[in-house]
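Visitor:
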Amino acid sequence: MGRVQDKVAVITGAAKGLGAAIALRLAEEGANLVLGDIDADGLSTSASNAKAAGSDVETLVGDVTEEGPAAALVGRAVDRFGQIDILVNNVGGSRNSKIWEMPVEDWDHTVKLNLRGTFLCTRAAAPHMMGKRYGKIICLSSGAREGTPWTAFYQGGSAYSACKAGVHGFMRDVALELAEYNINVNAVGPGPIDTERAGAVLRKMNETVEYSPNHMTPLGRLGEPREVADAVLFLASDEASYISGHTLAVAGGR
Ligand SMILES: NC(=O)c1ccc[n+]([C@@H]2O[C@H](COP(=O)([O-])OP(=O)(O)OC[C@H]3O[C@@H](n4cnc5c(N)ncnc54)[C@H](O)[C@@H]3O)[C@@H](O)[C@H]2O)c1
Numbered sequence: 000m001g002r003v004q005d006k007v008a009v010i011t012g013a014a015k016g017l018g019a020a021i022a023l024r025l026a027e028e029g030a031n032l033v034l035g036d037i038d039a040d041g042l043s044t045s046a047s048n049a050k051a052a053g054s055d056v057e058t059l060v061g062d063v064t065e066e067g068p069a070a071a072l073v074g075r076a077v078d079r080f081g082q083i084d085i086l087v088n089n090v091g092g093s094r095n096s097k098i099w100e101m102p103v104e105d106w107d108h109t110v111k112l113n114l115r116g117t118f119l120c121t122r123a124a125a126p127h128m129m130g131k132r133y134g135k136i137i138c139l140s141s142g143a144r145e146g147t148p149w150t151a152f153y154q155g156g157s158a159y160s161a162c163k164a165g166v167h168g169f170m171r172d173v174a175l176e177l178a179e180y181n182i183n184v185n186a187v188g189p190g191p192i193d194t195e196r197a198g199a200v201l202r203k204m205n206e207t208v209e210y211s212p213n214h215m216t217p218l219g220r221l222g223e224p225r226e227v228a229d230a231v232l233f234l235a236s237d238e239a240s241y242i243s244g245h246t247l248a249v250a251g252g253r
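Numbering-wise (numbering that gives the first Met the number 0), the sequence shown opens with residue 0 and increments by one.
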């Protein structure tokens with residue numbers, strides 16, 4: 000028996016990076032998956048990997064920051080599998096600039112990417128979980144919710160940090176609202192993780208700048224996507240049944 004055997008998990012942004020690693024890890028532990036992303040090619044690679052690990056997989060191409068696609072993603076889980084047990088709100092990202100230079104469009108884009116999809120997918124999933132009196136919702140926050148030192152020094156990460164603090168606050172309130180329905184709502188807060196996208200920038204910083212991730216992270220290295228996926232798996236499993244309203248840092252110490 001896997002740790003999430005026969006559970007149905009919806010994962011947003013599953014084509015690449017942490018979302019792809021989370022999809023594979025949940026598949027390895029017995030979950031069936033509904034994977035969403037705007038990247039159709041990446042999505043089919045993630046689906047193939049999860050199927051090879053034994054999972055039954057559905058995919059949906061769509062922008063989860065819009066109401067229709069967010070509802071359709073959750074609807075696909077209910078139509079295909081008759082339930083949704085686990086929702087991983089993984090989509091997020093940033094357009095960085097120093098505060099005195101930040102275009103309002105970049106601020107709005109970052110807010111939309113990190114918060115709107117998380118809200119829309121959670122809103123769509125909650126009634127199904129409430130009806131079954133069972134559910135696990137895991138949101139991707141970030142160590143940046145307390146400020147992200149290297150980004151602030153060199154690129155300007157205030158919009159991203161504000162959003163990831165927002166994810167923490169959103170998660171805390173939703174955890175309280177859904178507690179009486181036996182639904183656990185938590186977040187993970189990754190530090191600098193060596194994904195395809197972020198990893199290239201982070202590794203370059205390690206070679207070129209003084210306040211680099213390796214220098215400022217107690218464990219002295221970038222994290223691996225699988226290390227974040229393992230934390231998500233724990234929160235998605237019944238091993239975490241008495242944990243709710245918590246952001247678990249996966250950030251190499253502090
Ligand atoms: N990588 C890190 O170091 C790191 C650190 C802390 C937090 N995080 C958070 O973890 C999450 C995943 O990060 P990542 O590094 O894997 O990101 P990534 O950019 O590598 O991957 C994000 C995925 O989401 C998809 N996506 C983007 N916009 C979408 C939309 N509107 N609708 C549907 N899909 C969309 C992309 O196509 C991509 O497959 C994000 O919330 C990010 O903020 C990452």
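Heads up, the beta-carbon is just placed ideally off N, CA and C, and yes, glycines get one too.
#1: For the segment 179–196 against the segment 129–141, do three or more pairs of beta-carbon atoms, one drawn from each stretch, fall closer than 8 Å, so that the two count as touching?
#2: For A14, does the three-state DSSP call read helix, strand or coil?
#3: Hey, out of L32, E27, G92 and S43, whose CA is closest to A197's CA?
#4: Given a cut-off of 8 Å, decide if I83 and V73 are closer than it, judged by their beta-carbon atoms.
#5: Should P148 be listed as close to ligand 1, given that the test is whether its C-beta is under 7 Å from any heavy atom?
#6: Tell me the DSSP bridge mates of C120?
#7: Just to confirm the assignment, what range does the alpha helix (DSSP H) spanning E176 have?
#8: Going along the chain, which unbroken runs of the beta strand (DSSP E) with 3 or more residues stay wholly within the segment 83–117?
#9: What number of angstroms, rounded off, separates the C-alpha of T246 from the C-alpha of T117?
#10: How long is the line joining the alpha carbons of G288 and R225, rounded to whole angstroms?
#11: Taking T207 as part of the alpha helix (DSSP H), name the residues at either end of that continuous run.
#12: When the Cα of A230 is compared with those of E100, A69, V87 and Q4, which residue comes out closest?
Guide: Based on what the coordinates show:
#1: yes
#2: For this step, residue 14 is matched to residue 15 along the sequence shown. Correct three-state label for A14: coil.
#3: Taking the sequence shown and counting its residues from 1, the one referred to as residue 197 is at position 198. When each option's Cα is compared against that of A197, the closest is G92.
#4: Counting from 1 along the sequence shown, the entry for residue 73 is found at position 74. Counting from 1 along the sequence shown, the entry for residue 83 is found at position 84. Yes. Within cutoff.
#5: On the sequence shown, position 149 is the one that residue 148 refers to. P148 Cβ: outside cutoff for every heavy atom of ligand 1.
#6: Locating residue 120 in the sequence shown gives position 121, where the first residue counts as 1. BP columns for C120 are empty, so no partner.
#7: Stepping through the sequence shown from its first residue, residue 176 is reached at position 177. Looking at the DSSP string, the run of the alpha helix (DSSP H) that includes E176 is S157 to L177.
#8: 85–88
#9: Position 247 of the sequence shown, counting from 1, holds the residue named residue 246. Position 118 of the sequence shown, counting from 1, holds the residue named residue 117. Their Cα atoms are separated by approximately 15 Å.
#10: Any property of residue 288 remains undetermined from this structure, which presents the chain solely from 0 to 253.
#11: The residue given as residue 207 occupies position 208 in the sequence shown. It spans E195 to T207 - the alpha helix (DSSP H) in which T207 sits, taken as one unbroken run.
#12: Looking up residue 230 in the sequence shown gives position 231. Taking only the C-alpha atoms, the option nearest A230 is V87.
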